[in-house]
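Chemist: Letter by letter, the sequence shown follows residues 20 to 230 of my numbering. Idealized CB from N, CA, C, for every residue including glycine. My questions will all concern the structure given below.
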Amino acid sequence: MNDCVELPAGTYPLGEPGEEREVTLERVLIGRWPITNRDARRFFAAAGRDAAPALAARLEAPGLADHPVTDVSFDEVVSFCRWATDELGRSVRLPTGDEWEAAARGDDGRSWPWGHTFDPERCACAESGWGWTVPVNAHPQGAGPFGAEQLAGNVWEWVGDRGPDSWRVVRGGSWLDHAWGLRSSRALAADPLRGTPTTGFRIAIEPRSDA
Numbered sequence: 020m021n022d023c024v025e026l027p028a029g030t031y032p033l034g035e036p037g038e039e040r041e042v043t044l045e046r047v048l049i050g051r052w053p054i055t056n057r058d059a060r061r062f063f064a065a066a067g068r069d070a071a072p073a074l075a076a077r078l079e080a081p082g083l084a085d086h087p088v089t090d091v092s093f094d095e096v097v098s099f100c101r102w103a104t105d106e107l108g109r110s111v112r113l114p115t116g117d118e119w120e121a122a123a124r125g126d127d128g129r130s131w132p133w134g135h136t137f138d139p140e141r142c143a144c145a146e147s148g149w150g151w152t153v154p155v156n157a158h159p160q161g162a163g164p165f166g167a168e169q170l171a172g173n174v175w176e177w178v179g180d181r182g183p184d185s186w187r188v189v190r191g192g193s194w195l196d197h198a199w200g201l202r203s204s205r206a207l208a209a210d211p212l213r214g215t216p217t218t219g220f221r222i223a224i225e226p227r228s229d230a
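Okay, structure coming up:
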């Protein structure tokens, strides 16, 4: 759970084509991978929470421990971060959309985490034909510039941003999405009350002041 990579402090080119902007960010640690079913199972057991049937089935399924957790609502994700804060003794939260995108694009503004040319062999997506989630460590060759993996495809990921009205935001695309939906600048509004089979999350950890 606490295997993270560093997003260095700096200025990053972000935004969709035609809406580009430069954003200055502070240093933060970003989860190397999305949170797995193994991690989520520990949380639900420790918190004494009941998982929805679809989520409970994934948490208990043999062979899925290293797959990203899915079917989690925004409230469950925030509760996980609170639990992880206590577990690690560090401030754990969701990455902001800007932090997430910077981790995926780097300071050269790449279109996908690995570069400007789409490659379905580097991710789980519609073009690669996996047809479901894959283990979070299945595509090291698709890592972003700072070492975070699975930032394109496999599952959409909740971030801390607010969407329109009371909705929230997810990033990254899923195993169901095509190349366009997996672009690192792509953001999608999502109902915070609804967990889906294509949505998971990763954590951000505030660095220690003396680190």
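With 16 as the cutoff for other CB atoms within 10 Å, does Leu-107 come out buried or exposed?
Modeler: exposed
Chemist: Please go through the same chain and pick out, in chain order, the residues whose beta-carbon is closer than 6 Å to the beta-carbon of Ala-73, but skip the five residues on each side of it.
Modeler: Asp-90
Chemist: Taking the C-alpha atoms as reference points, what is the distance between Val-88 and Ser-204?
Modeler: Approximately 23 Å between the Cα atoms of the pair.
Chemist: Would you call the segment 114-131 in contact with the segment 202-217, where contact means no fewer than 3 C-beta pairs closer than 8 Å?
Modeler: yes
Chemist: Need the endpoints of the alpha helix (DSSP H) that Glu-106 sits in, please.
Modeler: Unbroken alpha helix (DSSP H) run through Glu-106: 93-107.
Chemist: Exposed or buried, what is Pro-211 when buried is set at 16 or more other beta-carbons lying within 10 Å of its beta-carbon?
Modeler: buried
Chemist: Under DSSP, the alpha helix (DSSP H) around Phe-63 begins and ends at which residues?
Modeler: 56-66
Chemist: Which first and last residues belong to the alpha helix (DSSP H) in which Trp-133 is found?
Modeler: Segment: none, Trp-133 is in no alpha helix (DSSP H) and carries neither H nor E.
Chemist: How far does the alpha helix (DSSP H) with Arg-124 in it extend, from its first residue to its last?
Modeler: 116-124
Chemist: Output the boundary residues of the alpha helix (DSSP H) element that contains Gly-79.
Modeler: Sequence inspection shows Glu at residue 79; the Gly mentioned does not correspond to that position. Its alpha helix (DSSP H) spans residues 72-79.
Chemist: Pairing CB atoms from the segment 177-194 with CB atoms from the segment 42-51, are three or more of them under 8 Å?
Modeler: Here the segment 177-194 does not lie against the segment 42-51, with fewer than 3 beta-carbon pairs under 8 Å apart.
Chemist: When you compare only the Cα positions, how much space is there between His-135 and Glu-35?
Modeler: 14 Å
Chemist: Roughly how many angstroms separate the alpha carbons of Thr-30 and Phe-63, rounded to a whole number?
Modeler: 38 Å
Chemist: Helix, strand or coil: how does DSSP classify Asp-196 here?
Modeler: coil
Chemist: Relative to the C-alpha of Arg-124, which residue among Glu-225, Gly-148, Gln-169 and Ala-143 is closest?
Modeler: Gln-169
Chemist: Are there three or more Cβ pairs, one per stretch, closer than 8 Å when the segment 182-201 is compared with the segment 160-168?
Modeler: no
Chemist: Let me know if Arg-60 comes out buried or exposed under the rule of 16 or more other beta-carbons within 10 Å of its beta-carbon.
Modeler: buried
Chemist: Determine which residues share a DSSP beta bridge with Pro-211 and list them.
Modeler: The partner list for Pro-211 (beta bridge, DSSP) is empty, contrary to what the question assumes.
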